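Structure first, commentary second.
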Amino acid sequence: MASKKEVAIGVVGLGQWGTALAYYCSSLEYQVLGWDRDKNIIKGINSDGRNPKCFSQTKLPSSVKAVSSLEDVFQCNYVILTVASSGLPEVLSKANPSFAGVIISGIKGLTPALKTPLESVREKFRERVKAAVISGPSFAKDVIAGNPCGLVAASRDKKVSEEVADVLASDRMRLYISSDEVGVEYGGIFKNVIALAAGISDGLNMGDSARAGVITRGLAEIQRLAVALGAKSDTLFGLSGLGDLVMTASCDTSRNRTVGLRLGRGEKLEDILASLGSTAEGVRTAHIALKLGERKGIELPITKAVVDILDKKITPKEAVNLLISRPVKEEFE
774 MASKKEVAIG VVGLGQWGTA LAYYCSSLEY QVLGWDRDKN IIKGINSDGR
824 NPKCFSQTKL PSSVKAVSSL EDVFQCNYVI LTVASSGLPE VLSKANPSFA
874 GVIISGIKGL TPALKTPLES VREKFRERVK AAVISGPSFA KDVIAGNPCG
924 LVAASRDKKV SEEVADVLAS DRMRLYISSD EVGVEYGGIF KNVIALAAGI
974 SDGLNMGDSA RAGVITRGLA EIQRLAVALG AKSDTLFGLS GLGDLVMTAS
1024 CDTSRNRTVG LRLGRGEKLE DILASLGSTA EGVRTAHIAL KLGERKGIEL
1074 PITKAVVDIL DKKITPKEAV NLLISRPVKE EFE
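Okay, so the sequence shown: first residue is 774 according to my numbering, each after it adds one.
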């Protein structure tokens, strides 16, 4: 690899995760070029070195610049995607189809067409592009604070996952590699739904035991659905599955858990989302996961309960009663 100062990393989407990764990559001495559709973010970073929408107290290094042109970002050696999954199709529609670098997905959600981010990337660039996903338990606040974390870089091309791991690894970030990009993506995507459920449980003050039960049975749902969609079972017990689930379902920093917590306390979904100020992917993903489960003939009782709560068909307390009163069955079948 060339000298780090000669390597440019693009970051598409300068929300919390994108800003944290931009800061982190610049700390490794890479040149970073960020893009966001919000002109105030671009102006703030270029004029003051700060993102006015998130981590505004943190000054970004001078090696971080922001632009309004996606074409410029796709001139970089590596492009990390951190936009909301719903906005990915628009981003890819404007990307240069002859891009010759490496695309790294940091997105944990499905597109409106029910595709994973890497499926969408490969559809856009065909087989010409080198692509990988990074996932695992890693809150943006920890990354930007320099706290240690572990991630997995996955690609069906082992050389690509090794390259991405080599580019991003440091004494603050431990990278593992995987060839199961499907499992790594789905683990990070579906865990958001279970984080909502865990938050609802906490909002109802059901206690630590109930939360642990939700997380454990939620992981079983994630595993069943992801495997049916092509994932390897073991992957769901790794960093991008179990690791990310435990963090997201049990920490106050989690946006998805926060939405669930407030739903459990009786707040209206529209009010919660209006005040959140950032994306909670689990709200969209819950409906998509349930639809995928129905297509595959897979029962997802926790996911269905979350969807029914979101759609105001039942109250959180009614959902709990329905789940607890389900017929006795084998734990593993």
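From the three backbone atoms N, C-alpha and C, an ideal C-beta is built for every residue, glycine too.
Nothing here was measured: the structure is a model prediction, and the numbers come from that model.
Remark: fewer than three beta-carbon pairs, one from each stretch, lie closer than 8 Å, so the region 849-864 and the region 823-833 are not flagged as touching. Per DSSP, Gln848 lies in no beta strand (DSSP E) and is assigned neither H nor E.
Between the alpha carbons of Ala985 and Val1080 lies a distance of about 20 Å. Burial check for Cys798: the Cβ neighbour count within 10 Å reaches 16 or more, so the residue is buried.
The beta carbon of Leu806 lies closer than 7 Å to those of Ala781, Gly783, Lys838, Val840, Asp845, Val846, Cys849 in the same chain, with the five residues before and after it left out. Around the beta carbon of Lys964, 16 or more other beta carbons lie within 10 angstroms, which makes this residue buried. For the 7 Å CB-CB criterion, Gly956 and Lys1005 form a contact. Unbroken alpha helix (DSSP H) stretches of 4 residues or longer found wholly inside the region 899-942: 913-918, 931-941, given in chain order. Between Ser893 and Gly961, the gap from beta carbon to beta carbon reaches 7 Å or more.
Val1019 and Val852 have their C-alpha atoms spaced approximately 28 Å apart.
Judged by DSSP secondary structure, Met946 falls within the beta strand (DSSP E) whose first and last residues are 946-951.
Annotated three-state conformation of Ile782 is strand, per DSSP. Per the Cβ contact rule, the region 894-903 is in contact with the region 858-876 (3 or more Cβ pairs under 8 Å). For the pair of segments examined, the region 1025-1032 was found not to touch the region 1091-1102: the number of CB pairs separated by less than 8 Å stays below three. Beta-carbon to beta-carbon, Lys1090 and Leu977 are separated by about 7 Å, close enough to satisfy the 8 Å threshold. At a Cβ-Cβ threshold of 7 Å, Leu948 and Ala926 count as neighbours. In the structure shown, Gly1037 falls within a helical segment according to DSSP collapsed to helix, strand and coil. Secondary structure within the region 841-881: the alpha helix (DSSP H) runs of 4 or more consecutive residues, fully enclosed, are 843-846, 861-866 (chain order). Boundaries of the beta strand (DSSP E) harbouring Gln804: 804-808, taken from the DSSP string.
The Cβ-Cβ distance between Ala793 and Ala913 falls below 7 Å. Here the region 986-1003 makes no contact with the region 917-934; the two share fewer than three CB pairs at distances below 8 Å. Of the residues assessed, Gln830 falls on the exposed side of the cut-off, its CB having fewer than 16 other CB atoms within 10 angstroms. Taking a 10 Å sphere around the C-beta of Arg1068, we find fewer than 16 other C-beta atoms and assign the residue as exposed.
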